[in-house]
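Note that the protein sequences, when read in sequence, are chains S and C. The first sequence begins at 1 in the working numbering and counts up one residue at a time. The second sequence begins at 1001 in the working numbering and counts up one residue at a time.
Protein chains: 2
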Amino acid sequence: MDRSSRKKKHLTIVDIARRAGVAPMSVSRVINDNAYVSKQMREKVLKVVKELNYHPNALARGLKSQRTQVIGIVLPDIVNPFSAELVRGIQEVLLPQGYSFFISTSERSVAREQAALRALFEHRADGLIVATRETKEGNDFLLRLAEPGLPMIVVGRQFNHPRVDHVTADHWKGAYEAVEHLISLGHRSIGFVGVSLVNGAGLRRFRGYLDALRDNNLPVSSKLIVGPDRVSGPDYSTQDDGYEAMKRLLSQRKRPSAILARNDFTAMGAMYAIRDTGLSVPDDIAIVGFDNVPLSAYTTPPLTTVDQTIIQQGRESARLMLERITGDRARERREINLECRLIIRESTWSKAAPSPALVTSA
Amino acid sequence: MDRSSRKKKHLTIVDIARRAGVAPMSVSRVINDNAYVSKQMREKVLKVVKELNYHPNALARGLKSQRTQVIGIVLPDIVNPFSAELVRGIQEVLLPQGYSFFISTSERSVAREQAALRALFEHRADGLIVATRETKEGNDFLLRLAEPGLPMIVVGRQFNHPRVDHVTADHWKGAYEAVEHLISLGHRSIGFVGVSLVNGAGLRRFRGYLDALRDNNLPVSSKLIVGPDRVSGPDYSTQDDGYEAMKRLLSQRKRPSAILARNDFTAMGAMYAIRDTGLSVPDDIAIVGFDNVPLSAYTTPPLTTVDQTIIQQGRESARLMLERITGDRARERREINLECRLIIRESTWSKAAPSPALVTSA
DNA sequence: CGCACTTCTGGTAACGATACCATATATCCT
DNA sequence: AGGATATATGGTATCGTTACCAGAAGTGCG
C-alpha cells in the first residue's frame, strides 16, 4: 500500500502449527491446557509460542466458544474511592478464576453509561457488574440488557429484575447508628448536610437520620437540614456542596451542635466552613461523615465516619457473579445488604475534652 | 440441559434479516451506515433492530474487519486522581471518533500489569495507552507487544522504542519552580519529603529540587531530605510516608523552614505531622505539594502545589493515538513534554502575615 | 438508443479459533 | 486373547460478521 508495514498480520494457530510441525488443533489444545496432550507435544508447541511471541485471538476464541472470560465493570466515576475498593474486592475473587476485567465509566452521563454498557455487551462479556448511579433511563437500558439472560449484578442500589442480583450496604442503619453515636455524646441539635433526593444511597442515609431522631424523641427541624446547591452533582465531589451548605447553616441564628454529612467529602467541606467561620471541630460542632474514604483519617481533626465496607460488596458481587455464570443462570434473585461500621475519630470526640458537646448546644 | 434457559442464543443479523425480509448483507450495511442503502431499507431494518433489541456481536465484527474500535487503557491504580483526569482527557478526544475504552489496572503488581496488557492485546484493541509505573519486566513486556506494530502511547514516563510515542510532564521544571517560589518567599532551608529512587517522575522532581538549590547557591543537606519508609509504596497513597518522614525531620535539631513534598498526599501527611507537633503551616514551616489533586484545595491550609496538567496529557496521548491509527503507523516516534503549573495557595503564603517565612528560618 | 456510471441488493468466502467427530495407539481387566 | 477404556492426534464445520464480487435497476448524455 502507501508505506511498508500493513502487511504484518497477527500470528495464528496455523502459523504456530506449521512451525512446530503439528496440526492446528494440537496447538489449540496446548494453549487451552487440554488434558489429552502428550508432554513432548506440549513442550514443542509452547516453545514455538514463546519463540514467536504468539497471543491467541480472543475475538475468535470468544466467537466460537461463546465465552470470553471477561467481566465488565461499569463504574460511576473513576476517581471515586468507592470504585477502587469495589474493583479490588471483585478481582480478589474472580482473578484466581481466570477472568479478565474491562472497566468503563459513565462519568455522570446517561449517554456514556449506555455506551459503556453497550460496548461491554457487544463484546460479549460473560457478566456485568454495574455500580452506576440510578437513573430512569439507565434502569430501562439495564433491563433490556438483562432480558437475554446476561448475568448481571447491580452494586450500591436496589434493582428490580427477577434475574439480576444486587449488593448494597445498609445506609439507613449506618446513618441511624451515626446519629445514635452523636446522641450518646449528648447532642440534641443535630443537622444534616447534603440531602439528595435523586440518589438512592443518599436518600437512605437521610431517612436513617430522620428515623434516629424520631426514635429518640428529638425534634426534626428543617432549619438544620441543607441540600447541595447543585442537585445533580455526583456523590463524591461535593466538598463544594458541603462547604456551601454548612455556610448556609452557620448563617442562621440557631446552630446545630453536631452534623451528619451525606458523605466524607461533604463533611470535609463542612469542616472547612466551620473552621472558616472561626469555630472548632468538635468543640463547637461535632461532625460525622460517611464512607470512610482513605483521606478521612488525615483531616484535621480526623473524621468520624461510617464505613460501608465496599471491598466486601465487591467480594459478594463477584461471588454472586460466579454463581450465576457457572451455576444456574436462571435461579431466583439474590439480594445482599451488608452492615456498615461506625469509625469513631476525633471529629466527634476530642481527646483533650472528653465530652465537649455537652456544654455547647445553643 | 439441566434446566430450562441455555437455549436462548444471541440474535444475529440473520435473525434480523429474516424478520425484515431482506438479506443479511443489507442488515450489515444498515448497522454500518453504509452509503448505498435506500431510505426504506434503512427504516425497515432499523425498526426490526429496535424491536428485537439487537446488538451486533463485536467479536465477529472485530474478527472479520480487523478493527475493534476499542482503545485499551492501562492505569497504575484506579483510585489515583491522575487516572481519572487522564481518562477524561483521552475520552474527550476519542469518544467523538467512535471509540470505546476498556480500562485495566496493574494495582502495583507486575503480574497484573502483564495480565491486563495481554487481555487487551488478545482482544485486539486498536491501540494501547499505558500509564503504569516503570519496571524492568513491564518494559520488556511492552516492547514485545509493540513489536507486531500495535499502536501504543506511554504516559508519564519515557519509553524507548522507535514506534512508541510518549507523553510526560516536565517534573524537573515543576519542582525547580516550586523551589524558586519558596526561595522568593525568603526560605533558605528547604527540605524534601518522599524521595523515591524507583519512580521516574519522583526522581525527576527530586533532581529539580536539587538543581534549584544548587543554582541558587543554597546548601544541600542530607538532613533535610527524607525518603519514605516503604520504598515500594505507590505514588499516591503515601500520606503515611509523608507523616513518618516529616516526623523524622522534625525530630532533628535543625529544622527546615519549608518543605517540598514529592506529591500532594505526602504533603498532606507532612502537614498533619507538623500540626501534630504543635507547629503551624505556613507560619513555622511552609509546604508545597505536587499534582494538584482535587483535595489539595480543601486542606487546612489549602496546599500550594504543582499541577502537571494531566488532562492535557490525556488529550495529547489521544491525539497521538489517532495519528498512529489513522495515519502512518510506522512514522517516527513523537515525544511530548508538557509544562507544569505552580498553584499558589496558603500553605506557603498566609493572608494574615504576608511573608511569614522571612522571620522563621532556624 | 446504447454506453458509462451511480445506486442498491444479494451471494460467497473468510477472519481465527474451538466443538465435535473420527481415528490410532496404548493400557487395562476378566 | 479380546473387548472396553484412556490417551493422543488430526480433520471438518462453524461461531457472526464483513470484504469482495456480481449484477439489477435507475440516470445521464451524446
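For each residue, glycine too, the CB sits at the ideal point set by N, CA and C.
Residue environment, residue i, which counts as buried when at least 16 other CB atoms sit within 10 Å
i	result
C:M1025	exposed
C:S1184	exposed
S:A35	exposed
S:R61	buried
C:T1299	buried
C:T960	A question about residue 960 of chain C goes unanswered here, because the residues of chain C that appear run from 1001 up to 1362.
S:V14	exposed
S:L52	exposed
C:S1004	At C:S1004 the pLDDT is 34, less than 50, meaning the model places this residue with poor confidence; the figure from the coordinates comes in the next sentence. The residue is exposed, with fewer than 16 neighbouring Cβ atoms inside 10 Å.
C:S1222	exposed
S:P148	exposed
C:V1231	Since pLDDT at C:V1231 reaches only 49, below the 50 mark, its modelled position is unreliable, and the value read off the structure follows with that caveat. Label assigned to C:V1231: exposed.
S:D291	buried
S:R319	buried
S:A23	exposed
S:K9	exposed
Reduced DSSP category for residue i - H, G, I as helix; E, B as strand; rest coil
i	result
C:E1107	coil
S:E51	helix
C:A1169	strand
S:I13	helix
S:A175	helix
S:F82	helix
C:I1287	strand
S:R248	helix
S:F102	strand
C:R1319	helix
C:F1141	helix
S:T300	coil
C:L1150	coil
S:L279	coil
Partners in chain S for residue i, counting only beta-carbon separations shorter than 8 Å
i	result
C:R1083	First, the amino acid is wrong: residue 1083 of chain C is Ser here, not Arg. What C:S1083 touches in chain S: I78 and V79.
C:N1034	Chain S residues near C:N1034: none, gap ~19 Å exceeds 8 Å.
C:E1335	Going along chain S, no residue has its Cβ under 8 Å from C:E1335, so there is no contact; the nearest lies around 21 Å.
Under 8 Å by beta carbon: chain C residues contacting residue i
i	result
S:V87	I1078 and T1105
S:R275	T1300
S:Y272	Y1298 and T1300
S:R118	H1055
Under 7 Å by beta carbon: chain S residues contacting residue i
i	result
C:L1059	L59, G62, L63, H123 and R124
C:R1144	N53
Cβ pair residue i, residue j closer than 7 Å
i	j	result
C:H1181	C:S1257	no
C:G1156	C:I1071	no
C:K1050	C:A1020	no
C:P1302	C:R1345	yes
S:Y176	S:A212	yes
C:T1348	C:T1277	no
C:G1074	C:S1109	Here residue 1074 of chain C is Val; the residue named in the question, Gly, does not match the sequence. Going by C-beta atoms, C:V1074 is not nearer than 7 Å to C:S1109.
C:P1162	C:R1333	yes
C:G1194	C:T1132	no
S:Y243	S:Y272	yes
C:A1116	C:L1338	no
C:I1090	S:S83	no
S:Q308	S:C340	yes
Candidates the options: closest to residue i by CA position
i	options	result
C:H1171	C:R1214, C:V1306 and C:R1319	C:V1306
S:R331	S:A178, S:L150 and S:T304	S:L150
C:G1314	C:A1017, C:L1086, C:I1016 and C:F1159	C:L1086
C:K1136	C:E1113, C:H1123 and C:A1125	C:E1113
C:D1328	C:V1164, C:A1201 and C:N1292	C:V1164
S:N216	S:A270, S:A178, S:I153 and S:E134	S:A178
C:I1343	C:A1297, C:E1335 and C:V1281	C:A1297
C:R1124	S:Q308, S:A58 and S:I285	S:A58
S:T68	S:E122, S:I90, S:S83 and S:A84	S:E122
S:A270	S:K173, S:N32, S:D240 and S:D77	S:D240
S:N263	S:G227, S:G98, S:N160 and S:R248	S:G227
C:R1204	C:L1249, C:M1246, C:I1190 and C:Q1158	C:Q1158
Closer than 6 Å: residue i CB and nearest the ligand ADP heavy atom
i	result
C:F1102	No copy of the ligand ADP appears in this structure; indeed no ligand is present at all.
Per-residue contacts from residue i into chain C (C-beta, under 7 Å)
i	result
S:F101	S1104
Listed by chain order, chain C residues near residue i by CB distance under 9 Å
i	result
S:Q239	P1294, L1295, A1297 and Y1298
Under 9 Å by beta carbon: chain S residues contacting residue i
i	result
C:R1205	Per Cβ cutoff of 9 Å: no residues; C:R1205 is ~21 Å from chain S at best.
C:E1316	Ordered by position in chain S, no residue passes the 9 Å Cβ test against C:E1316, which lies about 19 Å from the chain.
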